[in-house]
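**Q** Before anything else, here's the structure in question.
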């Protein structure tokens, strides 16, 4: 039903903007697509090519090194369960997606957060943009990404990156801003340059908060990766989407459970990263 | 601009410095210069420092004292450019801090002015040694050399063997020693100390004050020390600037501030100070009255004591050097034995105190002595005497207008407003059980 009073065609504007981008920046996005495809396939190969038990051993060792034997044991049980539910390949595809998206999101969002912490003007721009990115329903990102990059894992990765940027930038800004101002002053008082203060004082002291942000990036990435299954990103997301469309209860439970296991593993491992840093700082 | 180079050039010179936080700082400064008050300019901004001017001499401990909100922390941050001033200038040596920025300002901070912070401001992720060496690291000193120097400096502040620990493993006092070592390591001539001991326990604070005073005596640094603790200011300061509401209300030596407060505010401040640590024998002593020359002999001494109505006398030689004390009993005995040489009966030649001795250190001796304590200058010449009554009177709260201390002498009232009248020196009769009685 059409509006009686007035209708603002924001959607049409967005569509024409997108059309313009597709027409004029197509080459750029082809490059982006090639880059992410390479990155993803490389990582995916590393995770899926070796026998599953070898990968489990490596992941469990990582858990042991970062956290302890309990998490290592839990990881082994969890990953064996995933294998037993026949979701191993999907889980590894999803893990590769999460890692690629998280690495890129960190590379973009942490410097953004630092810039926002250093300058009120940058902060004034970054904050509302991050609010926008985070509150926009995740599915909406899939449309332009799909149009720009087609179907497959790459649009999934890009949509995931956009969705996961916000916590990285926010936590980094918060972390840097809440570094004890006296310690920063000490650096200044002894004649340290702003770059040195950032490198030797602000980033090390903000590290626990930045790591908490990175943890959030990874968790958001995982949730988005499942949604990205709709655009053919594959992995567990694809399985969940297939279960939904086919009302396939067994597949839904098994793929859903695998997502949970992967999420717990990623959360505990990255959370311990932030805590172990804190230990050194204390 | 107006660079006046006086003969003994000050280590630091602040000229008409203003700092206003807010939207229209320059306008606020103009209004303040026109005589408007801090309240009047409040809509334009918060005036944290108003028209501060002072000079700090090389090797001096200059204390800026004021309550929180008086602008003292803002002031100290203007001295090394951590806060740019709104108006005025700060000269470190010949460099005007207010005119430089960026790299040149960092140069000044590396070479000329270092700082010690209230909450230590150590890097928690670095060891004590690395913290102490941090200023040198910034200066680009090689690792071997800076480690060597930092180790030496940690030794100086009494932290030998703690270099491998992290700041979090140290007590507050020890952490501040690290902060001090870090500042000393940079080998700047000027040291800014922002409430450096305020976060410490009282006992440790006293310890640190004494250590700082002795370090300063050894190293000859110029120290600008910020505090809200008057006792600390009085103990450390060669000169003190008292701040209130952004303005410096008085600059003077501890003695001047204590005996001659410029305003009612300063007077109310000093009312609570521990005078015994501030006042020295030199500042409370009276003129010695019964003074006899050693060459005058026993009869002359007896005559002087009779005239002054005292039972003892200080004995000096021709150069006015203090030689000892004689009492009437002993002189009498000497005369009875047909002797005349006072050197035979001189007692307590070592009892003289210096003019610099704090009152605090006089009580014990005063109680043990049955005569006033003789006060000598650095050449050993007798310059005054401190009686028990003088000591007690000095402890009383003198009103702000008072510049001399009332002395009450048994039997009569001595002392006066101008202090020109010589009071009795022997206000207490030597008691019978005094040692040395023949």
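Residue numbers (this note's numbering), protein chains in the order written: chain D, 1 to 282; chain W, 283 to 720.
Built from N, CA and C at the ideal position, the CB exists for glycine as well.
Predicted model only: the values in this text are computed from it and were never measured.
#1: Compare the C-alpha of residue 394/W against each of 430/W, 452/W and 470/W and name the closest.
#2: Do residue 95/D and residue 47/D come within 7 Å of each other at the CB atom, strictly closer than that value?
#3: With hydrogens ignored, establish whether the beta-carbon of residue 590/W is closer than 6 Å to any heavy atom of the ligand HEM.
#4: What separation, rounded to the nearest whole angstrom, lies between the Cα atoms of residue 589/W and residue 562/W?
#5: By the 7 Å beta-carbon criterion, what residues does the segment 361 to 377 of chain W contribute toward chain D?
#6: In three-state DSSP terms, what is residue 224/D?
#7: Does chain D have any CB closer than 7 Å to the CB of residue 478/W?
#8: For residue 663/W, which three-state DSSP category applies?
#9: In this structure, does DSSP put residue 18/D in helix, strand or coil?
#10: By a C-beta neighbour count over all protein chains shown, 10 Å radius and 16 as the cutoff for buried, is residue 137/D buried or exposed?
#11: Have a look at residue 315/W and residue 331/W and give me their C-alpha separation to the nearest angstrom.
#12: Taking only beta-carbon atoms, is residue 510/W less than 7 Å away from chain D?
#13: If the cut-off is 8 Å on Cβ atoms, which residues from the segment 409 to 425 of chain W count as contacting chain D, listed in chain order?
#14: Which residues in the same chain have their Cβ closer than 6 Å to the Cβ of residue 71/D, if we skip the five residues on either side of it in sequence?
#15: Starting from the C-beta of residue 495/W, find all residues in its chain whose C-beta is less than 7 Å away, skip the five residues before and the five after it, and write them out in chain order.
#16: For a test of the three-state rule: what should DSSP assign to residue 655/W, helix, strand or coil?
#17: Put residue 606/W into one of helix, strand or coil per three-state DSSP.
#18: Runs of 4 residues minimum, wholly inside the segment 288 to 353 of chain W: which ones carry the alpha helix (DSSP H) assignment?
#19: Are the C-beta of residue 456/W and some C-beta of chain D separated by less than 7 Å?
#20: So which residues of chain D does residue 431/W contact, with C-beta pairs closer than 7 Å?
#21: Compute the Euclidean distance between the alpha carbons of residue 534/W and residue 523/W, then round it to the nearest angstrom.
#22: Can you find a C-beta in chain D that's less than 7 Å from the C-beta of residue 392/W?
#23: Nearest-angstrom Cα distance between residue 686/W and residue 622/W?
#24: Between residue 86/D and residue 236/D, is the Cβ-Cβ spacing less than 7 Å?
#25: Roughly how many angstroms lie between the CA atoms of residue 201/D and residue 301/W, to the nearest whole one?
#26: Any C-beta of chain W sitting closer than 7 Å to the C-beta of residue 186/D?
#27: Nearest chain W C-beta to residue 175/D closer than 7 Å, yes or no?
#28: Output, in chain order, the set of chain D residues within a Cβ distance shorter than 9 Å of residue 399/W.
#29: Please classify residue 593/W: is it buried, with 16 or more other beta-carbons within 10 angstroms of its beta-carbon, or exposed?
#30: Who does residue 474/W pair with in a DSSP beta bridge?
#31: Any idea what DSSP makes of residue 428/W, helix, strand or coil?
#32: If you reduce the DSSP assignment to three classes, tell me which class residue 596/W lands in.
#33: For residue 523/W, which residues does DSSP report across the bridge?
#34: Rounded to the nearest angstrom, what separates residue 638/W and residue 514/W at their Cα positions?
#35: Given a cut-off of 7 Å on the beta-carbon distance, is the pair residue 570/W and residue 666/W in contact?
#36: By alpha-carbon positions, which one of 456/W, 510/W and 525/W ends up nearest to residue 493/W?
**A** Well, looking at it:
#1: Along the second chain, read from residue 1 onward, the residue named residue 394/W stands at position 112. When only C-alpha atoms are compared, the closest one is 470/W.
#2: Reading the first chain from its first residue, position 47 is the one you call residue 47/D. Reading the first chain from its first residue, position 95 is the one you call residue 95/D. Contact: yes.
#3: With respect to small molecules bound, the structure shown includes none, and the ligand HEM cannot be examined in it.
#4: Taking the second chain and counting its residues from 1, the one referred to as residue 589/W is at position 307. Taking the second chain and counting its residues from 1, the one referred to as residue 562/W is at position 280. Going by the C-alpha atoms only, they are around 30 Å apart.
#5: 362 and 364
#6: Against the first chain, residue 224/D aligns to sequence position 224. Correct three-state label for residue 224/D: helix.
#7: The residue labelled residue 478/W in the question sits at position 196 within the second chain. No, because no Cβ of chain D sits closer than 7 Å to the Cβ of residue 478/W.
#8: Position 381 of the second chain, counted from the start, is the residue given in the question as residue 663/W. Three-state result, residue 663/W: strand.
#9: By 1-based counting over the first chain, the position of residue 18/D is 18. Reduced to three states, the DSSP call for residue 18/D is helix.
#10: As a first step, residue 137/D is located in the first chain; it is residue number 137 there, counting from the start. Residue 137/D is exposed by the Cβ-count criterion.
#11: In the second chain, counting from the first residue as 1, residue 315/W sits at position 33. In the second chain, counting from the first residue as 1, residue 331/W sits at position 49. Their Cα atoms are separated by approximately 12 Å.
#12: For the purposes of this step, residue 510/W is taken as the residue at position 228 of the second chain. Not an interface residue.
#13: 416, 417, 420 and 421
#14: Mapped onto the first chain, residue 71/D falls at position 71. Here the set comprises 63 and 268.
#15: Position 213 of the second chain, counted from the first residue, corresponds to residue 495/W. Excluding residues within five positions, the ones whose Cβ falls inside 7 Å are 518.
#16: Mapped onto the second chain, residue 655/W falls at position 373. Residue 655/W: strand per DSSP, three-state reduction.
#17: To locate residue 606/W, count along the second chain from 1; it is residue 324. Residue 606/W falls in the strand class under three-state DSSP.
#18: 307 to 315
#19: The residue given as residue 456/W occupies position 174 in the second chain. Chain D, which has no Cβ nearer than 7 Å to the Cβ of residue 456/W, makes this no.
#20: Counted from its first residue, the second chain places residue 431/W at position 149. Within chain D, no residue comes near residue 431/W; the closest Cβ sits about 14 Å away, beyond 7 Å.
#21: Walking along the second chain from the start, residue 534/W turns up at place 252. Walking along the second chain from the start, residue 523/W turns up at place 241. The straight-line gap from Cα to Cα measures roughly 7 Å.
#22: Residue mapping note: residue 392/W aligns to position 110 of the second chain, counting from 1. Output row for residue 392/W: interface = yes.
#23: Sequence index remark: in the second chain, residue 686/W carries index 404 (1-based). Sequence index remark: in the second chain, residue 622/W carries index 340 (1-based). Its pLDDT being 45, under 50, residue 686/W is placed unreliably in this model, and the coordinates cannot settle the point.
#24: The sequence position of residue 86/D within the first chain is 86, counting from 1. The sequence position of residue 236/D within the first chain is 236, counting from 1. No, the Cβ-Cβ distance between residue 86/D and residue 236/D is not below 7 Å.
#25: As a first step, residue 201/D must be located in the first chain, where it is residue number 201. As a first step, residue 301/W must be located in the second chain, where it is residue number 19. Taking the straight line from one Cα to the other gives about 28 Å.
#26: Residue numbering aside, residue 186/D sits at position 186 when the first chain is read from its first letter. With 7 Å as the cut-off, residue 186/D counts as an interface residue toward chain W.
#27: The sequence position of residue 175/D within the first chain is 175, counting from 1. Residue 175/D does not count as touching chain W.
#28: Here residue 399/W is taken as the residue at index 117 of the second chain, counted from 1. Neighbours of residue 399/W on chain D, chain order: 182, 183, 185, 186 and 189.
#29: To locate residue 593/W, count along the second chain from 1; it is residue 311. Under this definition residue 593/W is a buried residue.
#30: If you number the second chain from 1, residue 474/W lands on position 192. DSSP, once it has assigned bridges, lists 397/W and 506/W as partnering residue 474/W.
#31: Sequence index remark: in the second chain, residue 428/W carries index 146 (1-based). In the structure shown, residue 428/W sits in a helix (DSSP, three-state: H, G or I).
#32: Counting from 1 along the second chain, the entry for residue 596/W is found at position 314. Strand.
#33: Walking along the second chain from the start, residue 523/W turns up at place 241. Note: residue 523/W sits in a beta bridge opposite 346/W and 533/W.
#34: By one-based count along the second chain, residue 638/W stands at place 356. By one-based count along the second chain, residue 514/W stands at place 232. The alpha-carbon atoms of residue 638/W and residue 514/W are separated by roughly 18 Å.
#35: For this step, residue 570/W is matched to residue 288 along the second chain. For this step, residue 666/W is matched to residue 384 along the second chain. In contact: residue 570/W and residue 666/W (Cβ atoms closer than 7 Å).
#36: Against the second chain, residue 493/W aligns to sequence position 211. Comparing Cα-Cα distances from residue 493/W to each of 456/W, 510/W and 525/W, the minimum goes to 456/W.
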